[in-house]
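There are 2 protein chains.
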Amino acid sequence: MGHAKKRVAETQMTKTQKTKGKRRATAESMAKKQREISVSEFFTKNRHLLGFDNPRKALLTGVKEAVDNSLDACEEAGILPDLIVEIRPIPGQEQRFTMIVEDNGPGIVKAQIPNIFGKLLYGSKFHRLKQSRGQQGIGISAAGMYGQLTTGSPIRIISRTGSRRPAHRFEVRINTTKNKPEFTDEEVDWEKPHGTRVEIDMEAEFRKGQRSVGEYLKQTAVANPHVRILYRFPDNHEIFYDRVVQELPPETKEIKPHPHGVELGLLIKLLSDSKERTLSSFLQHEFSRVSAAVAKKICDQAKLSPRAHPKRIAREEADALHSSIQNTKIMSPPTNCIAPIGQDVLLAGLKKEIKADFYVAATRPPSVYRGNPFLVEAALAYGREGDTMEVTETGKIVARKRASSLDTELLGNADEAIRLVRFANRVPLQYQQSACAISKGVIGINWRSYGMQQPRGALPIGPMVLVVHIASVWVPFTSESKEAIASYPEIIKEIKLAVQECGRKLGAHIRKGKRIATEHRKRSYIELYLPHIGIGLQEILGLDDKTRDEDVEILRGILERSRKI
Amino acid sequence: MGHAKKRVAETQMTKTQKTKGKRRATAESMAKKQREISVSEFFTKNRHLLGFDNPRKALLTGVKEAVDNSLDACEEAGILPDLIVEIRPIPGQEQRFTMIVEDNGPGIVKAQIPNIFGKLLYGSKFHRLKQSRGQQGIGISAAGMYGQLTTGSPIRIISRTGSRRPAHRFEVRINTTKNKPEFTDEEVDWEKPHGTRVEIDMEAEFRKGQRSVGEYLKQTAVANPHVRILYRFPDNHEIFYDRVVQELPPETKEIKPHPHGVELGLLIKLLSDSKERTLSSFLQHEFSRVSAAVAKKICDQAKLSPRAHPKRIAREEADALHSSIQNTKIMSPPTNCIAPIGQDVLLAGLKKEIKADFYVAATRPPSVYRGNPFLVEAALAYGREGDTMEVTETGKIVARKRASSLDTELLGNADEAIRLVRFANRVPLQYQQSACAISKGVIGINWRSYGMQQPRGALPIGPMVLVVHIASVWVPFTSESKEAIASYPEIIKEIKLAVQECGRKLGAHIRKGKRIATEHRKRSYIELYLPHIGIGLQEILGLDDKTRDEDVEILRGILERSRKI
């Protein structure tokens, strides 16, 4: 008995020890858990940051990343883009689809394929300032990673760089622990002389309508009239967007950073990385708009020799140099690096899609934020019952014949918020509208002064589609998924100016419409009461019926002339 | 002449060649530009993603990241946190401040300091499921990187892990090209037995009021009553938040992922990385809530042997295993890993800060999104003129004496949107309110049914502060800056349920208030007209003044009794 008791006591003690003994963490125990996180692991866990929140959005994001890359590559190589986009259900696998994007671009050299598709943060567009759709080196490898995560399948690529070279077929997986590709490669027959084809199996949901792949491709075709897209989607449907213009948009130039947009830390890094021998040549070659004279001015003000060696500039000297740069007047960055869509293309796109009463467009001159050139353009279609009108480029309003039908589906109803269509570097943006600088700019305008209703802090109300495009050598997005533009004050200001320019012409149109409507109402009163006045006159003056009718007609004529309708 | 002409012609040709000769890119020329992008380079260029958009926000973000780390470390080590937060202007340097956060935590071992402060994506919290403030391994090194970028100065750290060990002082810079730390280290005297002090010079703007460091610290003190914070800010001001409770919040447990939240790709990775010898033990040890019986069920359904070797599971078998897991009923994840702030603390915080008419709080039971347990709690203060009321825990409304003053500054005016205070794992969220799941949940509620005004798609209107807290082992933020919570349907649903629970009680209060107000109005009419009725009666019946007044009093009594005021 005594023995058994002891054993019970022992067990209890062990239990207590276990509970009490569970020590809290110390610096040493915490240190053991510290480790590196690979960027792929980070984005796998945070895949919503890349636009892979849910199966529906994932499909759109995947297609978008592949199409962006195809268009960028075609344009850089001077090829008119010819795309095939296909969404194919995987038999027997509900909620799984294969997305395919095939282009006639320059192809990708063999050695680069694994990294481009199987490594996050790898690419050619990040380290330069040039207007392009892609800019981060994340997009397409993230789409492949999402496909791999949800279906276990690798991303499949066929690419060929010329008719005299063989096509290669790759299967690429991403090792998320190391952020490195694992791949197979084989030569294959491919009918295209050059181009790239990407296939990704993914958990997805196929839908039509707002924020769908179809909607995205349609808007892409509108903003890129030089592109031809064949879109195949489930149940053997096909939509073909033919090219409308036979020329590529003007090629945009890569520029150097503007000195005023460079932060101190970056300046220090550039100085220590520089291969230039003198401060003067460093300033002239690393930045745009710095002549020898400007370089000298900057150095003088910083009390540094223009012949000093860049690598030997001390921290305090760099600080002085930075202040001096900020205080020196330097020409604005070159703006031939920006290619707008253009008023004609924007208006043509609107007119093709929407039958409205009134169209107008405006393009702002280029401007600068954080040293980066950018440009905003806007266009709108406004539809109400009544005569079709158009504003000419000189601002004159011309009446045209009545529109065949009011496209309420696209324009929205008169009592709903306007439809806002956003583009960044010719790419339509589908999600996160409320977080976007474009929305903030549009909401910040006083639409009542143009005769529209506008609830406080919201988009205006009315049957209207408003298109806004921002083009820049570097578009600041609010997240890696590139769905909304960050609210830099300079950008919001330009958005407002572009939209206000359209708004003022719209205001004139709406006021005129209101004036006409008011006159119509007054006129209908006159029409209503004139016969009664006639009868009154007949009774008082004893007129016969014919004279009465003649008098009524005379009165009508007088009144109409006086109202000038 | 002929010679001169030729030279001109040559020059022209060269010019033409130069223009025409500028060849478009090829696959080969593009390949040369392809290169790796370090995660630090990426976030330097995209620093707005980390919350360093502008000098004002940068100061708040920097303090927040340091305070989050200090509180996490103290709590893990079982130490009641004692913090000093200081914002110090740098003499002669406008727009530059030093931010200092010092704690009494366990300290950081020497070898880890450079990586923790000088490398993005490094930490102990990413690879685990445990409720904590930090979770990404980005925050504090990003703050240091921003400081370095804008001032050129290194981040300075003093840390000591115990009274018998020396304190170390580090200066850490981040090499952004390599995402690696460069540092100096020296032993120093420090009066604290253990703790960590972080100093960062940065371009910043110091402000008070909404979304300031002060506001953030105040809200932190409210949600963390076990914390003591001394806050020093420019012009020799100090605010001291003493601790209100002497106990740490219950320690939360680290949990294994729940099988239902694991994607196929992750399952494949876990299988190939596993050190377990059988599929059964793999399932039991890598996941929560999988017993031997459940493991067998999963294996049977997938037609796999429970004794199969995890590393030898083929892709198709993994797919079957994944489906089988999804189709097997498995107990919900454990919820002792979640520590709410608690209704008492939330109400006490509201009552301390705001004198309102009515307070109520609600805590939801834990729920699950993507396999991660989470919990929502809400509290609100509603203030109107009139009697102070309170709802007891049983839901009964008790009238109290009139409030001393209506705190309109905090509650907002009656015709403005309510004030929403958001917390995630006890951290107050200051920015991006409109993008947050909390806002979406609150806006999605029909506030009119509680007697409040609500514009379409907007927060309700009224003098009210609403606090919502989400606690989870992994909070899904919409960006690396952790300002807003991603809109998972399960999370929005729980937010709605918690707020609706408060809303219903508020509705009863408002309805009662309205009833009283209506009665007051009716009563005032009676008071207004009774004397006139008296005079009328006097005239008709020929009463003397005294009888008239008596009759009026009788009438008043009857009417008041019948209206039950």
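Chains as they are written, first to last, in the working numbering: chain G, 1 to 565; chain Y, 1001 to 1565. Glycine included, C-beta positions come from ideal geometry on N, C-alpha and C.
Asked: Below-8 Å beta-carbon distance, G:Met452 vs any chain Y residue; Found: no
Asked: DSSP three-state assignment for Y:Lys1180, whether helix, strand or coil; Found: strand
Asked: Under 7 Å from the C-beta of Y:Val1109: neighbouring residues of chain G; Found: Ala27, Glu28, Ala31
Asked: For Y:Gly1195: DSSP bridge partner residues; Found: Y:Arg1160
Asked: Residue from G:Leu267, G:Gly462, G:Glu203, G:Ser291 with nearest C-alpha to G:Met331; Found: G:Ser291
Asked: The ligand NAP heavy atom lying under 7 Å from the CB of G:His260; Found: The ligand content of the structure shown is nil, which means the ligand NAP is not present either.
Asked: Chain Y within 8 Å of G:Ser124, Cβ atoms only; Found: yes
Asked: Inter-residue CB distance, G:Val245 and G:Leu60 (contact presumed, cutoff 8 Å); Found: About 26 Å separates the two Cβ atoms, so there is no contact after all.
Asked: Cα-Cα separation, G:Leu379 to G:Leu271; Found: It is Ala, not Leu, that sits at residue 379 of chain G in the sequence shown. If you take the alpha carbons of G:Ala379 and G:Leu271, they lie about 44 Å apart.
Asked: Beta-carbon neighbours of G:Thr547, restricted to chain Y and to distances below 7 Å; Found: Within chain Y, no residue comes near G:Thr547; the closest Cβ sits about 59 Å away, beyond 7 Å.
Asked: Where G:Trp149 sits in the DSSP three-state scheme; Found: The sequence given here places Leu at residue 149 of chain G; Trp does not occur at that position. G:Leu149: helix per DSSP, three-state reduction.
Asked: Spatially closest choice to G:Phe358 from G:Arg511, G:Ile313, G:Glu519, by CA coordinates; Found: G:Arg511
Asked: Other residues of its chain near G:Lys401: CB distance less than 6 Å, five sequence neighbours each side excluded; Found: Unreliable positioning characterises G:Lys401 in this predicted model, as indicated by a pLDDT of 37, which lies under 50. The coordinate reading is nonetheless provided below. So the list is empty, once near-sequence residues are dropped.
Asked: For Y:Glu1490, the three-state DSSP class (helix, strand or coil); Found: helix
Asked: Residue closest to Y:His1048, alpha-carbon to alpha-carbon, out of Y:Tyr1146, Y:Tyr1450, Y:Gly1513, Y:Arg1232; Found: Y:Tyr1146
Asked: Whole runs of the alpha helix (DSSP H) within the stretch 99 to 124 of chain G, excluding any shorter than 4 residues; Found: 113 to 118
Asked: Limits of the alpha helix (DSSP H) - the one that G:Thr363 falls within; Found: From DSSP, G:Thr363 is part of no alpha helix (DSSP H) but of the beta strand (DSSP E) over 358 to 363.
Asked: Residues in the stretch 416 to 434 of chain G having any Cβ partner in chain Y nearer than 8 Å; Found: Gln432, Ser434
Asked: Chain-ordered residues of the stretch 1243 to 1274 of chain Y with a beta carbon less than 9 Å from chain G; Found: Glu1251, Glu1263, Leu1264, Gly1265, Leu1266, Leu1267, Ile1268, Lys1269, Asp1273
Asked: For G:Arg35, the nearest candidate out of Y:Ile1090, Y:Ser1124, Y:Gly1062 (CA to CA); Found: Y:Ser1124
Asked: Exposed unless 16 or more other CB atoms sit within 10 angstroms - verdict on Y:Val960; Found: With chain Y represented from 1001 up to 1565, any question about residue 960 of chain Y goes unanswered, as that position is not in the structure.
Asked: Residue interval of the alpha helix (DSSP H) (run including G:Met30); Found: 27 to 33
Asked: Residue interval of the beta strand (DSSP E) (run including Y:Glu1263); Found: Neither: Y:Glu1263 is in no beta strand (DSSP E) and is coded neither H nor E.
Asked: Member of Y:Ala1348, Y:Met1030, Y:Pro1373, Y:Gly1107 whose CA lies at the smallest distance from the CA of G:Arg128; Found: Y:Met1030
Asked: Cβ-based burial, Y:Arg1307 [other Cβ within 10 Å; buried from 16]; Found: exposed
Asked: Limits of the alpha helix (DSSP H) - the one that Y:Ile1438 falls within; Found: 1437 to 1443
Asked: Simplified DSSP assignment, three categories, for Y:Val1245; Found: coil
Asked: Cα-Cα separation, G:Arg211 to G:Asp242; Found: 22 Å
Asked: Proximity to G:Met464 [Cα-Cα], best of G:Ile445, G:Arg456, G:Asp415; Found: G:Asp415
Asked: Per-residue contacts from G:Leu49 into chain Y (C-beta, under 7 Å); Found: Ser1479
Asked: For G:Leu304, three-class secondary structure by DSSP; Found: coil
Asked: Span separating the alpha-carbon of G:Glu385 from that of G:Met452; Found: The pLDDT assigned to G:Glu385 is 45, lower than 50, so where the model puts this residue is not dependable, and the model offers no usable value.
Asked: Test: G:Gly78 CB closer than 8 Å to a CB of chain Y; Found: yes
Asked: Spatial distance of Y:Glu1094 from Y:Asn1054 (CA atoms); Found: 15 Å
Asked: In DSSP terms, what Y:Ser1472 is bridged to; Found: Y:Phe1374
Asked: Bridge partners - Y:His1237, DSSP secondary structure assignment; Found: Y:Phe1233
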